[in-house]
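Colleague: Numbering (the working numbering), first residue to last: 78 to 170.
Built from N, CA and C at the ideal position, the CB exists for glycine as well.
Quick caveat: nothing in here was measured; it's all calculated off a predicted structure.
1) I'd like to know if the stretch 81–90 and the stretch 110–123 are in contact, where contact means that at least 3 CB-CB pairs between them fall below 8 Å.
2) By Cβ distance below 6 Å, which residues in the same chain neighbour residue 131 in space, the five residues on each side in sequence not counted?
3) To the nearest angstrom, how far is the alpha carbon of residue 105 from that of residue 87?
4) Whole angstroms is fine: what's the gap from residue 96's alpha carbon to residue 89's?
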């Protein structure tokens, strides 16, 4: 009853999870794919809206210039929502 799973999920869901996956090692997602998507969207927005050079963007975001150029060669993620529940139509200033 004092296990973290019970505290986080509640007794009923923790019991069901243990029953279904007991004895297995489960690894939860670290959600890095969302971070990469957000970063790519932000880079495209900075280049398009602010007109920043790849070198300036790389400096602001902490990536290499070659990585920023590689991201800019790709397509921007569509309709990337903002972190605070924005609908994706707002632009990065």
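Modeller: Based on what the coordinates show:
1) The answer is no - the stretch 110–123 does not touch the stretch 81–90, with fewer than three Cβ pairs under 8 Å.
2) Result list for residue 131: 142, 145 and 146, in chain order.
3) Residue 105 and residue 87 have their C-alpha atoms some 18 Å from each other.
4) Each residue's alpha carbon lies about 11 Å from the other.
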